[in-house]
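Report on one structure; see the data block that follows.
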Amino acid sequence: MTAEIGHFALILALLLSCLQASVPMWGAHRGDSALIGFGRTAAQLQALLIAVSFVALANSFVAGDFSVALVAGHSNATQPGIYRFAATWGNHEGSMLLWVLILAVFGAGLARFPGNIREALLARTLAVQGMIGAAFIAFLLFTSNPFERLSPAPFDGRELNPLLQDPGLVLHPPLLYLGYVGFSVAFSFAAAALIEGRVDAAWARWVRPWILAAWVCLTAGIALGSFWAYYELGWGGWWFWDPVENASLMPWLMGTALLHSALVLERRGALVSWTILLAVLTFSMSLIGTFLVRSGILTSVHAFAVDPERGVFILALIIGATGGALGLFAWRAPAMKSGALFGSVSRETGLSLNNLFLMAATAVVFLGTFYPVIMEAVNGDKISVGPPYYNLTFAPVMIPLLLLVTIGPVLQWKRDSLRSVFGKVRWPAIVALGTGVAAIVFLGGKSVLAGIGFALAVWLIVGAFIVPWRRRHLLRTTPMSVVGMVIAHAGLGVMTAGVTAMSGFETSKVLVMRPGDTATLRDARFTLSAVDAVRGPNYEAQRAQFSVRQGNTIRDLTSERRFYPNSQNQTTEAGIGGGILGNVYVAIGAPDPGGVGITVRIYHHPLVGWIWGGALLMALGGIASLSDRRFRIGVGASARPLAPTMPGAFGVPAE
Amino acid sequence: MNRFLLATLLAIAVPAHAVLPSEQLADPALEARAREISKELRCVVCQNQSIDDSDAPLAADLRVIVREQLRLGKTDAQAKEYLVTRYGSYVLLRPPFRYDTWLLWLGPFAVLLAGAGLVIAWLRARRGVAETPALTPQEQARLDALTKD
Chain U
1483 MTAEIGHFAL
1493 ILALLLSCLQ
1503 ASVPMWGAHR
1513 GDSALIGFGR
1523 TAAQLQALLI
1533 AVSFVALANS
1543 FVAGDFSVAL
1553 VAGHSNATQP
1563 GIYRFAATWG
1573 NHEGSMLLWV
1583 LILAVFGAGL
1593 ARFPGNIREA
1603 LLARTLAVQG
1613 MIGAAFIAFL
1623 LFTSNPFERL
1633 SPAPFDGREL
1643 NPLLQDPGLV
1653 LHPPLLYLGY
1663 VGFSVAFSFA
1673 AAALIEGRVD
1683 AAWARWVRPW
1693 ILAAWVCLTA
1703 GIALGSFWAY
1713 YELGWGGWWF
1723 WDPVENASLM
1733 PWLMGTALLH
1743 SALVLERRGA
1753 LVSWTILLAV
1763 LTFSMSLIGT
1773 FLVRSGILTS
1783 VHAFAVDPER
1793 GVFILALIIG
1803 ATGGALGLFA
1813 WRAPAMKSGA
1823 LFGSVSRETG
1833 LSLNNLFLMA
1843 ATAVVFLGTF
1853 YPVIMEAVNG
1863 DKISVGPPYY
1873 NLTFAPVMIP
1883 LLLLVTIGPV
1893 LQWKRDSLRS
1903 VFGKVRWPAI
1913 VALGTGVAAI
1923 VFLGGKSVLA
1933 GIGFALAVWL
1943 IVGAFIVPWR
1953 RRHLLRTTPM
1963 SVVGMVIAHA
1973 GLGVMTAGVT
1983 AMSGFETSKV
1993 LVMRPGDTAT
2003 LRDARFTLSA
2013 VDAVRGPNYE
2023 AQRAQFSVRQ
2033 GNTIRDLTSE
2043 RRFYPNSQNQ
2053 TTEAGIGGGI
2063 LGNVYVAIGA
2073 PDPGGVGITV
2083 RIYHHPLVGW
2093 IWGGALLMAL
2103 GGIASLSDRR
2113 FRIGVGASAR
2123 PLAPTMPGAF
2133 GVPAE
Chain A
288 MNRFLLATLL
298 AIAVPAHAVL
308 PSEQLADPAL
318 EARAREISKE
328 LRCVVCQNQS
338 IDDSDAPLAA
348 DLRVIVREQL
358 RLGKTDAQAK
368 EYLVTRYGSY
378 VLLRPPFRYD
388 TWLLWLGPFA
398 VLLAGAGLVI
408 AWLRARRGVA
418 ETPALTPQEQ
428 ARLDALTKD
């Protein structure tokens, strides 16, 4: 019965979203405030309906209603309760329902807390949001219905993929989707502004919190996914350039560019068309990411859906949404040229260059992901594009970008001189160069790349504090947006240090050990103390206990090899000893064919925690920036005196 | 029970991930080279894994082949070539630079150059105006309003 309630709520949501897509748009056109107001009601009601639908599905999963096909396919009575619940989105249909739920929640949030957004703009934005909702709910109902029943119902279900039975599944997909789908708000805002033919600084100020919120979630989601892969896949990699990872990285790179270009629009009323275009493209990247994952066009470790019908539907969605928005753009954008000017050395130029490098970085990921597919379609040749390609092409694009990150915030808006900039960044530059040279000298001549990496890290971390240092007498009044920038840019530096250390100085050993044996890796001595068989709720495992001695500290690490009899799957649980300067990581493999020992892999991962720490700092920076009071107090009040077509040339403080 | 469990685990005998101790070469320099080469070769039956990371039996075979080639005194390039002649360039995780892959390799830099060209052209076109920022009518009106009282 619950499944039918969910199904019914979803159908109602589809009908309602069609109304939401049309009525407020018509109302905004006619200037009818009753029709305009309907958008807000519809958006909230729609979130409620989809929430009902989602709760119904989650309930079927938790209760173990195996007459629902989806539950029977991805849940098993022996699965721990939390994974029976999280299995709701650990499959194609359920995760698309989560996608739609988050889309609706964003729409409802916008309707509930509109701030001082112009009524007509809000109505149009909600209407566009309704169109996306209608398309995706239709996708769910017609190609991936989560509520289909099985008859006769099986006695028990097939188990969720054991790799997914992990705390990571509880948080990673929802966070990632909050990021992906959050960019839909920017898309809808952009489309609405194009329909109105009016974009100004106030527009940027309304949309920026939504971009920031989406970006924060996406950053945290990607970091969490990377950490999950690190401890679960059992060989200590943290990024694999897997197409599914790339699918989340592309919207992140574009979203980062959007975040910065919207800043220029908000403060200076410049880069109007570009920001709109970027808002459209960022969400298109999210859609392409969804397509990559959901269509199974690129089979990879993550992809668990292979069905061409769905792929074609999403492809049509992408073409419809992106094509429609780009068409609108081509039609309306030429009329929206902004009059805001800036010199060739200015913060505006710095942020334009930021966008340029981020676009090139996106191009690297895009080409690397799609080139093999396109080539196979064109001439039937199969090639592989793996980590070596990305390492060679991504770094040359990122290094200038990282150099720019410290320079950008010290540039003046409108016009600046190179001389004054060099004066401001002198000390961070000297410290960074010193670090780089020291690193090369101490680590040996082979490590020129590592020297560059560490120099960049120091440049970013020290450089992030130039702005607060220069206003140290006014430190108490530092706006939260500046605090956010400092934390995020320093976080990028922390991450750079981690990536550099991991790419150059990771060490590992593979050997056969018997209980009592000891192995040494760098300063750590690993002793295998015991090997036992243990039984978990839905798995059997071989557990090896190690005692690891580093200096005077001794730690006990446990690594398991789990076997899930229901699905005949096997997973590895690594034993990880975390530390500021690096982790020790141990994973066991198969018993040695020839003897009584087991295969053991031990690793030392220098500064690996800095990678996720840095990413979390970036997300924290975003949160700090989100709390800036500028977003809460009346931009409307200061922008209202402007003539309607005048992008905020004044009235908006040019900091 | 425990003995039964261990027996089950042994019976499954799925090889563990990545390089096995028995495959490793005695010469550490040669073994290090083999690891580096393995990272650049795709496990052709896997989904996006190098033979160094993969636990598939085929990956193990390829690792052994690479090590044999190195033991025969072949260079890194020759060892890779040996596999390319058998599996095609699909086995290379670093795609070769060819007539049909130049776009892949140069594309990002083309984007960078084209973008840089656009930014420069745009700044040039605007420089003349930017140096002498004239007041727009609205600004002028507001300035007048402000200076009146």
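Each protein sequence line maps, in turn, to chains U and A.
When we follow the working numbering, the leftmost residue of the first sequence carries the number 1483, and every step to the right adds one.
When we follow the working numbering, the leftmost residue of the second sequence carries the number 288, and every step to the right adds one.
The C-beta atom is built at its ideal place from N, Cα and C for all residues, glycine as well.
1. Going by the DSSP bridge assignment, what does Tyr2067(U) pair with across the sheet?
2. Rounded to the nearest angstrom, what separates Ile1796(U) and Leu1494(U) at their Cα positions?
3. Suppose you measure from the CA of Val1930(U) to the CA of Ser1985(U); what does that come to, to the nearest Å?
4. If you compare alpha carbons, which of Ala428(A), Arg429(A) and Ile407(A) is closest to Ser1826(U)?
5. For Val1827(U), does the three-state DSSP call read helix, strand or coil?
6. In chain A, which residues lie less than 7 Å from Val1879(U) when you measure between Cβ atoms?
7. Spatial neighbours of Arg1631(U) within its chain, please: CB distance less than 8 Å, with the 5 preceding and 5 following residues excluded, ordered by chain position.
8. Output, in chain order, the set of chain B residues within a Cβ distance shorter than 8 Å of Tyr377(A).
9. What are the residues of the region 305-319 of chain A that lie near chain U, defined by any Cβ-Cβ distance shorter than 8 Å?
10. Would you say Ala403(A) faces chain U, with C-beta separation under 8 Å as the test?
11. Roughly how many whole angstroms lie between the Cα atoms of Pro1882(U) and Leu1938(U)?
12. Could you give the DSSP three-state label for Pro424(A): helix, strand or coil?
13. When DSSP labels each residue in this structure, what does Leu363(A) get in the three-state scheme?
14. Could you tell me whether any Cβ in chain U is nearer than 8 Å to the Cβ of Glu355(A)?
15. For Ser1535(U), which of Met1578(U), Ala1510(U) and Ala1503(U) has the nearest alpha-carbon?
16. Is Asn2051(U) helix, strand or coil by DSSP?
17. Report the option in Leu2063(U), Gly1926(U), Asp1514(U) and Gly1576(U) whose CA atom is closest to the CA atom of Ala1533(U).
18. I think Trp1508(U) touches Leu1517(U), with their Cβ atoms under 8 Å apart; what is that distance to the nearest whole Å?
19. Using beta carbons (cut-off 8 Å, strictly below), is Ser337(A) in contact with chain U?
20. I want to verify the contact list: residues of chain A whose CB lies under 8 Å from the CB of Pro1992(U), in sequence order.
21. Measuring only the C-alpha atoms, how far is Trp2092(U) from Tyr374(A)?
22. Measure how close the beta-carbons of Leu1585(U) and Ser1666(U) come, nearest whole angstrom, since I'm counting them as under 8 Å.
23. Can a CB atom of chain A be found closer than 8 Å to the CB of Met1841(U)?
24. Alpha carbon to alpha carbon, how far is Ala2015(U) from Ile2084(U)?
25. When we look at the beta-carbon of Gln2176(U) and count the other beta-carbons within 10 Å, is it buried (16 or more) or exposed?
26. Let's see if you can read the secondary structure: which residues bound the beta strand (DSSP E) around Met1995(U)?
27. Could you give the DSSP three-state label for Arg1640(U): helix, strand or coil?
28. For Arg329(A), would you say it is in contact with chain U, using Cβ-to-Cβ distances shorter than 8 Å as the test?
29. When you compare the CB of Leu380(A) with every CB in chain U, is at least one pair closer than 8 Å?
30. With a threshold of 7 Å on Cβ separation, who are the neighbours of Gly1434(U) within its own chain once the five nearest residues in sequence on each side are excluded?
31. In whole angstroms, give me the CA-to-CA distance for Val1698(U) and Gly1591(U).
32. Rounded to a whole number of angstroms, what is the C-alpha to C-alpha distance between Ala1696(U) and Phe1839(U)?
33. Who are the near neighbours of His1489(U) in its chain, counting only those whose CB is closer than 6 Å to its CB and skipping five residues on each side?
34. Give me the subset of the region 1606-1634 of chain U whose CB atoms are less than 8 Å from a CB atom of chain A, sorted by chain position.
35. Quick one: is Asp1648(U) near chain A, going by C-beta distance under 8 Å?
36. At which residues does the beta strand (DSSP E) containing Ala2015(U) begin and terminate?
The structure says:
1. Ile2058(U) and Tyr2085(U)
2. 22 Å
3. 13 Å
4. Ile407(A)
5. Collapsing the DSSP output to three states places Val1827(U) in coil.
6. Within chain A, the C-beta atoms nearer than 7 Å to that of Val1879(U) come from Pro395 and Leu399, in chain order.
7. Ala1485, Ser1549, Val1550 and Ala1551
8. Here the protein chains are U and A, and chain B is not one of them.
9. Ala305, Val306, Leu307, Pro308, Ser309 and Gln311
10. yes
11. 10 Å
12. helix
13. According to the sequence provided, residue 363(A) is Asp. The question's Leu does not apply to it. Correct three-state label for Asp363(A): helix.
14. no
15. Met1578(U)
16. Note: Asn2051(U) maps to strand in three-state DSSP.
17. Checking every option, the nearest Cα to that of Ala1533(U) belongs to Gly1576(U).
18. 6 Å
19. yes
20. Residue identity check: residue 1992(U) is Val in the sequence provided, not Pro. Correct list: Ala305, Val306, Leu307, Pro308 and Gln311.
21. Answer to the nearest angstrom: the Cα atoms are 39 Å apart.
22. 6 Å
23. Among the residues facing chain A, Met1841(U) is included, as its CB has a counterpart in that chain under 8 Å away.
24. Using only the alpha carbons, I get a separation of about 21 Å.
25. Here chain U has residues from 1483 to 2137 only, and residue 2176(U) is not among them.
26. Element bounds for Met1995(U): Thr1989 to Met1995.
27. Under the three-state reduction of DSSP output, Arg1640(U) falls in the coil class, being neither helix nor strand.
28. yes
29. Chain U, which has a Cβ nearer than 8 Å to the Cβ of Leu380(A), makes this yes.
30. As displayed, chain U neither begins before 1483 nor continues past 2137, which places residue 1434(U) out of reach and without an answer.
31. 17 Å
32. 21 Å
33. Phe1629
34. So the list is empty, because no residue satisfies the distance condition.
35. no
36. Ala2006 to Arg2017
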